[in-house]
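Enquirer: Its first residue numbered 99, the sequence shown is counted upward by one per residue in the numbering used here.
Even for Gly, the Cβ is constructed at its ideal location relative to N, Cα and C.
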Amino acid sequence: MPDRRIQKDIQAPGFRGPGFRGPGFRGPGFGPPGGHFVHGAVKAENPKETLKRLWEYLKPHRLKLLFIFSLVIVTSLLMLAGPYLIGRAIDNYIIPKNFRGLLSLVIFMGCLYIVNSLLMWLQGYISIRTVQSIVFNLRKDLFNKLQSLPLRFFDSTPHGDVMSRLTNDIDTINMSLGTSLTQFFSGIVSIIGTIFIMLRMSHILTLVSMIVVPLTLLITTVVSSRTRESFLANQTILGQLNGIAEENINGLKVVKIFAREEKEIEKFQSVNEELRKAGTRAQIFAGVMGPLMNVVNNLSFAIIAGFGGWFAAKSIVSVGTVASFIIYSRQFTRPINELANLFNMIQSAIASAERVFRVMDEPPELVDPLDAVELKDVKGEVEFKNVYFSYKEGVPVLKDINFYVKPGETIALVGPTGAGKTTIVNLLTRFYDVDSGCILIDGIDIRKIKRSCLRSLLGIVLQDTYLFSVSIKDNIRYGRLDATDEEVIEAARLANAEHFILRLPKGYDTVLTDGGENLSQGQRQLLAIARAILADPAILILDEATSNVDTKTEKQIQSAMLNLMKGRTSFVIAHRLSTIRNADMILVINNGEIVERGTHEELLKKKGFYYNLYMSQFGIEEKVTEAV
Numbered sequence: 099m100p101d102r103r104i105q106k107d108i109q110a111p112g113f114r115g116p117g118f119r120g121p122g123f124r125g126p127g128f129g130p131p132g133g134h135f136v137h138g139a140v141k142a143e144n145p146k147e148t149l150k151r152l153w154e155y156l157k158p159h160r161l162k163l164l165f166i167f168s169l170v171i172v173t174s175l176l177m178l179a180g181p182y183l184i185g186r187a188i189d190n191y192i193i194p195k196n197f198r199g200l201l202s203l204v205i206f207m208g209c210l211y212i213v214n215s216l217l218m219w220l221q222g223y224i225s226i227r228t229v230q231s232i233v234f235n236l237r238k239d240l241f242n243k244l245q246s247l248p249l250r251f252f253d254s255t256p257h258g259d260v261m262s263r264l265t266n267d268i269d270t271i272n273m274s275l276g277t278s279l280t281q282f283f284s285g286i287v288s289i290i291g292t293i294f295i296m297l298r299m300s301h302i303l304t305l306v307s308m309i310v311v312p313l314t315l316l317i318t319t320v321v322s323s324r325t326r327e328s329f330l331a332n333q334t335i336l337g338q339l340n341g342i343a344e345e346n347i348n349g350l351k352v353v354k355i356f357a358r359e360e361k362e363i364e365k366f367q368s369v370n371e372e373l374r375k376a377g378t379r380a381q382i383f384a385g386v387m388g389p390l391m392n393v394v395n396n397l398s399f400a401i402i403a404g405f406g407g408w409f410a411a412k413s414i415v416s417v418g419t420v421a422s423f424i425i426y427s428r429q430f431t432r433p434i435n436e437l438a439n440l441f442n443m444i445q446s447a448i449a450s451a452e453r454v455f456r457v458m459d460e461p462p463e464l465v466d467p468l469d470a471v472e473l474k475d476v477k478g479e480v481e482f483k484n485v486y487f488s489y490k491e492g493v494p495v496l497k498d499i500n501f502y503v504k505p506g507e508t509i510a511l512v513g514p515t516g517a518g519k520t521t522i523v524n525l526l527t528r529f530y531d532v533d534s535g536c537i538l539i540d541g542i543d544i545r546k547i548k549r550s551c552l553r554s555l556l557g558i559v560l561q562d563t564y565l566f567s568v569s570i571k572d573n574i575r576y577g578r579l580d581a582t583d584e585e586v587i588e589a590a591r592l593a594n595a596e597h598f599i600l601r602l603p604k605g606y607d608t609v610l611t612d613g614g615e616n617l618s619q620g621q622r623q624l625l626a627i628a629r630a631i632l633a634d635p636a637i638l639i640l641d642e643a644t645s646n647v648d649t650k651t652e653k654q655i656q657s658a659m660l661n662l663m664k665g666r667t668s669f670v671i672a673h674r675l676s677t678i679r680n681a682d683m684i685l686v687i688n689n690g691e692i693v694e695r696g697t698h699e700e701l702l703k704k705k706g707f708y709y710n711l712y713m714s715q716f717g718i719e720e721k722v723t724e725a726v
């Protein structure tokens with residue numbers, strides 16, 4: 099469970115929709131106009147700068163990396179010693195029939211390979227631990243950064259994109275570092291070492307061996323490029339298929355209600371067929387590399403064997419040298435092929451690292467000033483003074499908002515969708531800061547109050563309550579982490595939640611799944627109320643807390659709310675009549691301005707904006723309620 103409270107109703111990491119949504123909200127991942135949607139990149143825009151920053155994570159491990167690279171050099175050179183020793187065995191022991199010397203050489207080579215295997219294991223062991231440590235720190239820093247980012251970032255960045263950076267991009271870096279760190283360096287050492295040994299053995303056979311190198315490079319470049327493009331297309335279509343499947347599963351009730359199963363199957367099958375074709379194409383290209391390289395290797399073998407045999411017959415080179423060259427020719431093409439593939443992997447890792455660093459470069463929430471205070475014995479007095487605010491520069495959302503709330507009063511915020519009601523709450527919680535004017539709690543500007551202290555004063559219950567995939571007990575305890583089991587149970591009782599909790603298989607120890615999907619909307623809201631009760635806030639914020647529940651559950655919630663609101667300053671954004679009627683003051687918001695204020699009865703008598711809004715939205719409901 100995250101250890102940093104973002105808001106009292108725990109719209110915390112993992113939350114799948116903006117907690118307080120500004121105008122222009124178009125669903126999860128879309129925030130105020132002008133937000134930034136960052137797409138994934140195939141290639142990094144600034145690889146040099148990205149590599150420099152990535153090096154900062156590698157630098158603390160530079161001694162380990164140096165040791166790893168030293169082991170890579172040793173193991174690569176030991177691998178190159180094998181073909182050379184085989185050639186010497188043929189010339190010095192097999193042809194002269196010196197089997198005693200041959201046995202000694204075989205034992206020596208066996209020991210050499212055993213030592214090499216042990217060194218390779220040691221290299222792999224240290225490499226894995228080092229890479230995992232590097233990735234651990236990178237993942238930790240990214241997650242810590244996410245905790246410090248303002249809500250504006252999450253409102254304007256798709257949550258799937260954020261999760262992709264924390265999981266997919268980090269995994270890409272992990273895989274790339276794990277393989278490319280050693281393989282790239284090993285490939286370079288192998289190529290240089292092979293050429294050096296071959297030149298020392300025979301210049302002319304070395305030139306013959308190089309005949310197939312241009313062909314190897316051409317095949318590797320062309321096939322790798324086509325394979326990369328094919329797999330990219332395959333992954334894109336796979337993402338579409340996953341999206342269709344997820345959407346279908348989430349909306350299965352709607353699909354069945356409208357009997358659209360066949361239509362959904364057709365849609366899935368259409369994309370599934372595209373995926374089959376794309377996957378087949380990608381695998382064909384991927385499968386071509388092996389056979390083509392076998393052809394090149396066999397061609398190299400034939401050329402070296404042919405020329406080598408002729409040179410050996412002419413006594414230009416020995417038979418052992420020809421044998422060594424045949425083996426070296428196979429070892430020579432392998433790292434070239436690997437380096438081409440590693441280049442693509444490294445490109446992908448740099449692009450992923452750039453995406454990660456882009457998030458780390460996002461400006462965090464403003465740091466508390468040095469003279470920031472912590473409020474104690476809070477009365478709950480709230481005042482907005484000449485407040486102006488805009489999500490996007492030049493497009494004001496709130497204009498000259500002024501109101502004063504006495505301690506313990508209940509204020510209802512009423513107005514059409516997009517009027518600015520939720521934005522007022524956003525500013526009170528300092529998820530956003532005012533453009534001008536100020537907000538005071540007990541006479542102190544909230545910008546001079548420590549942010550953690552300010553949010554600890556607020557209890558928030560939202561319409562879309564988010565619950566963690568932990569026990570019910572721990573979800574309620576999130577309101578106050580040091581609460582005892584008895585206090586948790588008492589909070590549940592006061593929230594009228596215990597009656598359904600005790601009916602669950604494991605009661606308070608029942609683990610919720612998928613953000614509480616195994617509970618009804620009303621049950622989730624009752625748990626949110628219990629959490630707020632346990633937190634014992636000085637100021638309460640209810641954002642449409644009862645708008646999506648049945649009448650019976652609403653009565654339970656209203657009862658719990660009345661208990662919770664007693665003696666607390668409360669802000670209510672609600673569509674239910676009872677809460678609005680009982681409010682000490684109703685603020686009517688329209689187009690970012692307070693157009694009317696007063697009690698329910700006072701505003702109805704005015705027969706102004708509130709009266710028209712009330713009659714159009716609530717008139718029918720009131721008649722039905724009275725009839726019942």
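#1: For the beta strand (DSSP E) containing residue 506, name the first residue and the last one.
#2: List the endpoints of the continuous alpha helix (DSSP H) containing residue 303.
#3: Please report the residue range of the beta strand (DSSP E) in which residue 484 lies.
#4: I'd like the list of long-range same chain contacts for residue 602, defined as Cβ closer than 8 Å, with 5 residues on each side in sequence excluded.
#5: Assuming residue 668 is part of the alpha helix (DSSP H), what are its boundary residues?
#6: Is it true that the segment 558-567 meets the segment 625-643, where meeting means three or more beta-carbon pairs spaced less than 8 Å apart?
#7: Just the Cα atoms here: how many angstroms apart are residue 136 and residue 453?
#8: Of the choices 623, 398, 595 and 528, whose alpha-carbon is the least far from that of residue 429?
#9: Alpha carbon to alpha carbon, what distance is there between residue 163 and residue 233?
#10: By Cβ distance below 8 Å, which residues in the same chain neighbour residue 440 in space, the five residues on each side in sequence not counted?
#11: Under three-state DSSP, which class holds residue 227?
#12: So, under 8 Å CB-CB, residue 692 and residue 499 are touching, yes? Tell me the CB distance rounded to an integer number of Å.
#13: So which of 606, 634, 631 and 599 has the shortest CA-CA distance to residue 618?
#14: Less than 8 Å between the CB atoms is what I'm expecting for residue 565 and residue 496, so what's the real figure, rounded?
#15: How is residue 703 classed by DSSP in three states: helix, strand or coil?
#16: For residue 433, which residues of its own chain have a beta-carbon under 6 Å away from its beta-carbon, when the five flanking residues on both sides are left out?
#17: From what residue to what residue does the beta strand (DSSP E) around residue 559 run?
#18: Residue 424 to residue 166, Cα distance in whole Å?
#19: Which residue wins for smallest C-alpha separation from residue 445, given the options 704, 273 and 216?
#20: For the beta strand (DSSP E) containing residue 535, list its first residue and its last residue.
#21: On the CB-based measure, 16 or more other CB atoms within 10 Å of its CB, does residue 405 come out buried or exposed?
#22: For residue 520, which of 186, 695, 145 and 670 has the nearest alpha-carbon?
#23: Run through the DSSP bridge pairs and tell me what residue 493 is partnered with.
#24: If we ignore side chains and look at the alpha-carbon of each, how far apart do residue 189 and residue 175 end up?
#25: For residue 687, which three-state DSSP category applies?
#26: Rounded to whole angstroms, what's the CA-CA distance from residue 422 to residue 403? Just pull it up for me.
#27: When you measure from the CB of residue 699 to every non-hydrogen atom of the ligand MN, does any distance come out below 7 Å?
#28: Please state the DSSP three-state secondary structure of residue 615.
#29: On a CA-only basis, which of 554, 245 and 220 is nearest residue 464? Give me that one, please.
#30: Chain B beta carbons: is any one of them nearer than 8 Å to that of residue 273?
#31: With distances taken between CB atoms, is the gap from residue 535 to residue 690 smaller than 8 Å?
#32: What span of residues does the beta strand (DSSP E) with residue 639 cover, start to end?
#33: Going by the beta-carbon positions, is the gap between residue 515 and residue 682 smaller than 8 Å?
#34: I'd like to confirm the pairing. Which residues does DSSP put opposite residue 547 in its beta bridges?
#35: Do the segment 389-398 and the segment 151-158 meet, that is, are 3 or more Cβ pairs less than 8 Å apart?
#36: If we ignore side chains and look at the alpha-carbon of each, how far apart do residue 210 and residue 311 end up?
Expert: Based on what the coordinates show:
#1: For this step, residue 506 is matched to residue 408 along the sequence shown. Counting along the chain, residue 506 falls outside any beta strand (DSSP E), and DSSP gives it neither H nor E.
#2: Taking the sequence shown and counting its residues from 1, the one referred to as residue 303 is at position 205. Run containing residue 303: 301-307, per the alpha helix (DSSP H) assignment.
#3: Taking the first residue of the sequence shown as 1, we reach residue 484 at position 386. Looking at the DSSP string, the run of the beta strand (DSSP E) that includes residue 484 is 480-487.
#4: For the purposes of this step, residue 602 is taken as the residue at position 504 of the sequence shown. For residue 602, where only same-chain residues beyond five positions count, the Cβ hits under 8 Å are 570 and 608.
#5: Walking along the sequence shown from the start, residue 668 turns up at place 570. In this chain, residue 668 is not harboured by any alpha helix (DSSP H); it is covered by the beta strand (DSSP E) spanning 667-671.
#6: These segments touch.
#7: The sequence position of residue 136 within the sequence shown is 38, counting from 1. The sequence position of residue 453 within the sequence shown is 355, counting from 1. Below a pLDDT of 50, predicted positions are generally treated as unreliable, and residue 136, at 36, falls in that range; the measurement from the model is reported next regardless. A straight-line Cα-Cα distance of about 9 Å links residue 136 and residue 453.
#8: In the sequence shown, residue 429 corresponds to position 331, counting from 1. It is 398.
#9: Taking the sequence shown and counting its residues from 1, one reaches residue 233 at position 135. Taking the sequence shown and counting its residues from 1, one reaches residue 163 at position 65. If I take the Cα positions, the gap works out to 14 Å.
#10: In the sequence shown, the residue the question calls residue 440 occupies position 342. Taken in chain order, the residues that qualify are 277, 278, 281, 282 and 285.
#11: Locating residue 227 in the sequence shown gives position 129, where the first residue counts as 1. If DSSP states are grouped into helix, strand and coil, residue 227 belongs with the helices.
#12: The count along the sequence shown starts at 1 and reaches residue 692 at position 594. The count along the sequence shown starts at 1 and reaches residue 499 at position 401. Indeed, because the Cβ distance is near 6 Å, the residues count as touching under 8 Å.
#13: Position 520 of the sequence shown, counted from the start, is the residue given in the question as residue 618. That would be 599, whose Cα lies nearest to the Cα of residue 618.
#14: Numbered from its first residue, the sequence shown carries residue 565 at position 467. Numbered from its first residue, the sequence shown carries residue 496 at position 398. In fact, because the Cβ distance is near 31 Å, the residues do not count as touching under 8 Å.
#15: For the purposes of this step, residue 703 is taken as residue 605 along the sequence shown, with counting starting at 1. DSSP places residue 703 in helix when its eight states are reduced to three.
#16: Numbered from 1 along the sequence shown, position 335 holds the residue referred to as residue 433. Closer than 6 Å at the Cβ level, and outside the excluded window around residue 433, lie 285, 288 and 289.
#17: Within the sequence shown, the letter at position 461 stands for residue 559. First-last of the beta strand (DSSP E) with residue 559: 556-560.
#18: For this step, residue 424 is matched to residue 326 along the sequence shown. For this step, residue 166 is matched to residue 68 along the sequence shown. In this structure, the alpha-carbon of residue 424 lies about 30 Å from that of residue 166.
#19: As a working mapping, residue 445 is identified with position 347 in the sequence shown. Distance from the Cα of residue 445 is smallest, within the candidate group 704, 273 and 216, for 273.
#20: Translated into the one-based positions of the sequence shown, residue 535 becomes position 437. From DSSP, the beta strand (DSSP E) with residue 535 extends over 534-539.
#21: As a first step, residue 405 must be located in the sequence shown, where it is residue number 307. Buried, since its Cβ has 16 or more Cβ neighbours within 10 Å.
#22: Reading the sequence shown from its first residue, position 422 is the one you call residue 520. Considering only alpha carbons, the answer is 670.
#23: Within the sequence shown, residue 493 is the residue found at index 395, counting from 1. Beta-bridge partners assigned by DSSP to residue 493: 490.
#24: The sequence position of residue 189 within the sequence shown is 91, counting from 1. The sequence position of residue 175 within the sequence shown is 77, counting from 1. Each residue's Cα considered, the two are about 22 Å apart.
#25: Residue 687 sits at position 589 when you count from the first residue of the sequence shown. Reduced to three states, the DSSP call for residue 687 is strand.
#26: Counting from 1 along the sequence shown, the entry for residue 422 is found at position 324. Counting from 1 along the sequence shown, the entry for residue 403 is found at position 305. It is roughly 11 Å from the alpha-carbon of residue 422 to the alpha-carbon of residue 403.
#27: Summarising the ligand content, the structure contains no ligands, and the ligand MN is consequently not present.
#28: Translated into the one-based positions of the sequence shown, residue 615 becomes position 517. Correct three-state label for residue 615: coil.
#29: The residue labelled residue 464 in the question sits at position 366 within the sequence shown. When each option's Cα is compared against that of residue 464, the closest is 245.
#30: Chain labels in this structure do not include chain B; a single protein chain is all it has.
#31: To locate residue 535, count along the sequence shown from 1; it is residue 437. To locate residue 690, count along the sequence shown from 1; it is residue 592. No, they are not a contact pair.
#32: Working through the sequence shown from its first residue, we reach residue 639 at position 541. In the DSSP assignment, residue 639 falls within the unbroken beta strand (DSSP E) covering 637-641.
#33: For this step, residue 515 is matched to residue 417 along the sequence shown. For this step, residue 682 is matched to residue 584 along the sequence shown. Contact flag unset, no.
#34: Residue numbering aside, residue 547 sits at position 449 when the sequence shown is read from its first letter. Partner(s): 471.
#35: Not touching, per the Cβ criterion.
#36: Counting from one through the sequence shown, the residue named residue 210 turns up at place 112. Counting from one through the sequence shown, the residue named residue 311 turns up at place 213. Going by the C-alpha atoms only, they are around 30 Å apart.
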